[in-house]
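Heads up: the protein sequence lines correspond to chains S and G, in order. Following the numbering used here, the numbering of the first sequence begins with 1195 at its first residue and continues without gaps. Following the numbering used here, the numbering of the second sequence begins with 1195 at its first residue and continues without gaps.
Number of protein chains: 2
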Amino acid sequence: MSDVYVAGAGMTRFGRLDATLLGLLAEAGAGALRDAGSPEIQAIYVASMDPEELADEGSIASLFAAYIGRPRLPSLRIETGTSSGAAAFFAAWTAVASGYHDHVLVVAGEKMTSRPTPEVAAILSRMIDPYERSYGATMPALAALVARAYMEAHDLAPKDLAQVAVKNHANGARNPLAHFQRPITVEEALESRFVAEPLRLYDCCPISDGAAAAVLTRERHRVRVAGIGHGADHLALRHRDCLTGFRATQAAARRAYAMAGRSPRDIQVAELHDAFTPFEIISSEDVGFFEPGQGARALARGRTALGGDLPINPSGGLKARGHPVGASGLAQVVEIVWQLRGEAGGRQVDARVGLAQSIGGLASNNFVTVLEAVA
Amino acid sequence: MSDVYVAGAGMTRFGRLDATLLGLLAEAGAGALRDAGSPEIQAIYVASMDPEELADEGSIASLFAAYIGRPRLPSLRIETGTSSGAAAFFAAWTAVASGYHDHVLVVAGEKMTSRPTPEVAAILSRMIDPYERSYGATMPALAALVARAYMEAHDLAPKDLAQVAVKNHANGARNPLAHFQRPITVEEALESRFVAEPLRLYDCCPISDGAAAAVLTRERHRVRVAGIGHGADHLALRHRDCLTGFRATQAAARRAYAMAGRSPRDIQVAELHDAFTPFEIISSEDVGFFEPGQGARALARGRTALGGDLPINPSGGLKARGHPVGASGLAQVVEIVWQLRGEAGGRQVDARVGLAQSIGGLASNNFVTVLEAVA
């Protein structure tokens, strides 16, 4: 297996944008290629969850290659629901690690705000087990079930969840690409309307447009892909043996750490999938940073804040940076690359080893990626 | 790069079927796993072009893993339009060749007949360059342009195209899984109605349901993946420098042969992408079997028939076996595996080295795979 490095990273502004899906992907891709010193890439890996229904575009991989004027570059699309960006990074990594390609471009994006919210919600609901969906379950409703189970098991109050939103909005305020760049208070979060009790508006990520990109290469660069894991679990919540942790993340993390020869103690910065506030807390336990039930306590003590010993979601996370579904898994990797290279501006932390964790669906198809700065 | 072998292959009947997309994928997958001796697979690669719009299913990879009762197996979906099945085989191959996985299952399928034909045609048209599409171009219309250019350049008559359909229907009649299992005559073909002049109904593949599957492994098995190539070209026909050959196939073939250490002379059986009859002739030249303009002559002489020196589409091809778009690229590989193992029943040919070639869109995203029997 060849060593694989991230040679370049790029990202658009996230938010409610005028640009098209292709325009967003192209902007992110151009940024990553420029950052990489414009190597001779041999293939393009494209992630987008549902460009057919969200952006009325098909054959998105070929269309993207044509759009950027590189029609003879082979292109593939990868999709795993809301973790598609991480999945494309993984698939591109296998192509480079195998020695088949030397340099590849990965782009990941979604255009979500041109469809009415109920349509978007219906599309997202396809990630739910069909039987549970038939009873009207939505993503926020199931996330609320998970939140209740966790809060009950570990004696959490609504304000404990709100701390995730407050921290991530504070970080987003330092990220010029974030969807939301305004700090919020616990009071504001606790006064926002219910989306699905106990989850309030500020417990949920927004619907965003945006794209991210990375160039992977066999040539030595400043950031190495040290470990990647891909894990899965039952689609149906009723079939799971645990609601207060996600086995798909746990399995992905085990593989990623084993491959990297690392343990959770080695990680100095992380981007975790906080589509709903309880998910950040649960994910911080699933990847082994904290014992089950201790994630909220670590958060409350400020350990995961920018100035803490293990900053989580310095970008603002899905909560404040935004969540263009197909893009998020790659946007997390891009943030870690920037952090490891010391290019994260006003949200820079001190780290040589970082981790990105992405959730597909309701934690049924997850990825964990460990990245290291190269001495 | 590790050697990768095909440990098992499976396929459903193709045609207008009652089964759901998940049912088809599961049937093909179970066949491939059984054939492989049920190894401990570590991941699932799923190809489907547009399950969202054609089958009203999202997150198809996770859904498939859950459907077959293997929810904790990581799964990914791959899409490149009509070559998605070949693309998933390629992506799974990189995962095994890199050493990341030891055994993976690839499944590819499409459910097309539950939507009205005009809706299916509109979905397929998304593979066309948007500007050309804006003038009303459809896939058959653009294939007809290519056919005209080729017929003009090489002095072909309509009956020369019809020979492809006659040969492939004759082969399909020997394939119990084929959509069409009835031989046709040149006269029948030439009397069928025009779809897009000069292409008649019998020059075009049907709209089919179906699925195929394969198990890839690092363990030595009877069929080895010797070479894989992925090639691309302009989406827009008006931007191409050649209409009588497909550069995407030519590029993919060069890479596949180079990797395999093989030349076109070594190939003893091939499955080529005959979604339209002229495409088989053009593809047989693009992969280097015949000089430009000589493909139809070789066909007319019977060289590519079952009893010829280089049988093409012994399965019946897309024309007669059928074309469930996401499945076809993998169905071709499955047919070659069966041929190399001597398991192709009444359509068996004598071959140790075979080739599969799949076209994505209007030949903008193509794959060539070379397979070898292991001594």
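The beta carbon of each residue, even a glycine, is placed where N, CA and C say it ideally should be.
Within the region 1267-1278 of chain S, those residues whose Cβ lies closer than 8 angstroms to any Cβ of chain G are, in chain order, Leu1267, Pro1268, Ser1269, Leu1270, Arg1271, Ile1272, Glu1273, Thr1274, Gly1275. At least one C-beta of chain S is nearer than 7 angstroms to the C-beta of Gly1252/G. Within 10 angstroms of the beta-carbon of Lys1305/G lie 16 or more other beta-carbons, which makes it buried. Across the region 1282-1303 of chain G, CB contacts with chain S closer than 7 angstroms involve Ala1285, Thr1288, Ala1289, Ala1291, Ser1292, Gly1293, Tyr1294, in sequence order along the chain. Asn1369/S carries a coil assignment under DSSP once its states are collapsed to helix, strand and coil. Every alpha helix (DSSP H) of 4 residues or more that sits fully in the region 1416-1466 of chain S is shown, in chain order, as 1441-1454.
Scanning Ile1235/S, Arg1210/S, Ala1255/S for the CA closest to the CA of Leu1216/S turns up Ala1255/S. For Arg1320/S, the closest Cβ of chain G is nearer than 7 angstroms.
Sorting Ala1237/S, Pro1312/S, Tyr1261/S, Ala1337/S by C-alpha distance to the C-alpha of Ala1289/S places Ala1237/S at the top.
Taking 7 angstroms as the threshold, the shortest C-beta distance from His1428/G to chain S falls below it.
Think of a sphere of 9 angstroms around the beta carbon of Asn1559/G: the chain S residues whose beta carbon falls inside it are Ser1253, Ala1255, Ser1256, Ala1259, Pro1268, Ser1269, Leu1270, in chain order. By the CB criterion at 7 angstroms, Ala1514/G and Ala1406/G fall outside the cutoff.
Counting only unbroken stretches of 4 or more residues, the alpha helix (DSSP H) elements lying wholly within the region 1510-1556 of chain G are 1511-1514, 1519-1534, in sequence order. Taking every protein chain shown into account, the CB of Pro1312/G has fewer than 16 other CB atoms within 10 angstroms, so this residue is exposed.
In this structure, the alpha-carbon of Pro1486/S lies about 27 angstroms from that of Ser1278/S. One alpha carbon belongs to Val1547/S, the other to Gly1425/S, and they sit about 21 angstroms apart.
For Thr1498/S, the closest C-alpha among the options Ala1521/S, Glu1474/S, Trp1532/S, Pro1518/S is that of Glu1474/S.
DSSP places Ser1269/S within a strand segment (E or B) once states are collapsed to three. In this chain, the beta strand (DSSP E) harbouring Gly1303/G covers 1297-1304. Exclusion of the five residues before and after Ala1450/G leaves Gly1421, Ile1422, Gly1423, Val1562, Val1564 as the residues of its chain whose Cβ lies within less than 6 angstroms of its Cβ. Ser1242/G is classed as buried because its beta carbon has at least 16 other beta carbons within 10 Å across all chains shown. For Met1345/G, there are no C-beta contacts with chain S under 8 angstroms, since the nearest C-beta of that chain is about 26 angstroms from it. Under the Cβ distance rule, Glu1246/G counts among the residues neighbouring chain S, one pair being separated by less than 7 angstroms.
For Leu1565/S, the uninterrupted beta strand (DSSP E) run begins and ends at 1559-1567, by DSSP.
Within the region 1218-1241 of chain S, Ala1237 place their CB atoms closer than 8 angstroms to a CB of chain G, listed in sequence order.
Cα atoms of Asn1365/G and His1373/G: separation of roughly 12 angstroms, rounded to the nearest angstrom. Residues of chain G whose Cβ lies closer than 8 angstroms to the Cβ of His1424/S are, in chain order, Ala1237, Pro1268, Leu1270. For the region 1319-1340 of chain G, the set of residues with a beta-carbon nearer than 9 angstroms to any beta-carbon of chain S comprises Ser1319, Arg1320, Met1321, Ile1322, Asp1323, Pro1324, in chain order. In the three-state scheme derived from DSSP, where H, G and I count as helix and E and B as strand, Val1340/S is classed as helix. Excluding residues up to 5 positions away in sequence, nothing lies with its Cβ nearer than 6 angstroms to the Cβ of Arg1448/S in the same chain. Here Asp1403/G is bridged, per DSSP, to Gly1209/G. In the three-state reduction of the DSSP assignment, Ile1476/S falls in the helix class, which pools H, G and I. Remark: three or more beta-carbon pairs, one from each stretch, lie closer than 8 angstroms, so the region 1551-1562 of chain G and the region 1430-1448 of chain G are flagged as touching.
Within its own chain, the residues whose Cβ lies closer than 7 angstroms to the Cβ of Asn1507/G, once the five positions on either side in sequence are excluded, are Asn1362, Asn1365, Glu1465, Leu1466, Asp1468, Glu1474, listed in chain order.
The three-state reading of DSSP puts Tyr1261/S in helix, counting H, G and I together.
Taking 7 angstroms as the threshold, the shortest C-beta distance from Met1195/S to chain G falls below it.
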